[in-house]
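The sequence shown lines up with residues 1111 to 1206 when you count with the numbering used here. Even for Gly, the Cβ is constructed at its ideal location relative to N, Cα and C. Here the structure is a predicted model, which means the values were calculated and not measured.
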Amino acid sequence: MSSKTKTPTDTVIERDGFAEITLTRPRQVSGMETAVLRMREPTVEDMERYQDDKGSDAQREVRMIANLCEISPDDVRKMPLRDYARLQAGVALFTT
């Protein structure tokens, strides 16, 4: 890891192209209580899809994160900002 990139201790990249993001506390996600979300590595196709999508940058980012974690955008929207920041860090780990 480069010294410029700081990896939160609560975000772990696995060898199989996924990141596991530990939330600050268990949350209801997709009707189940969970403390860890699994995010797949974004593809160029994901980037293209969400750059061309409607809405603000924040709305597009919420939809992309939801897709990468296989949860609904509403589940992402209901998260506190500190958990959302962890999800953003998960995306950033794949792009740095």
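Can you list, in chain order, the residues of its chain whose CB lies under 7 Å from that of residue i, leaving out five sequence neighbours each side?
| i | result |
| --- | --- |
| residue 1127 | 1150, 1151 |
| residue 1170 | 1160, 1163 |
| residue 1175 | 1186, 1197, 1201 |
Does the Cβ-Cβ distance between residue i and residue j come in under 8 Å?
| i | j | result |
| --- | --- | --- |
| residue 1187 | residue 1134 | no |
Spatial neighbours of residue i within its chain, please: CB distance less than 8 Å, with the 5 preceding and 5 following residues excluded, ordered by chain position.
| i | result |
| --- | --- |
| residue 1165 | 1173 |
Using a Cβ-Cβ cutoff of less than 6 Å, which residues in the same chain neighbour residue i once the five nearest sequence positions on both sides are dropped?
| i | result |
| --- | --- |
| residue 1185 | 1139 |
Could you give the uninterrupted runs of the beta strand (DSSP E) lying entirely in the region 1122-1205, keeping only those of 3 residues or more? Whole beta strand (DSSP E) segments, 3+ residues: 1128-1139, 1142-1150.
_At least three beta-carbon pairs within less than 8 Å, the region 1130-1147 to the region 1173-1183_ = Enough Cβ pairs lie closer than 8 Å, so yes.
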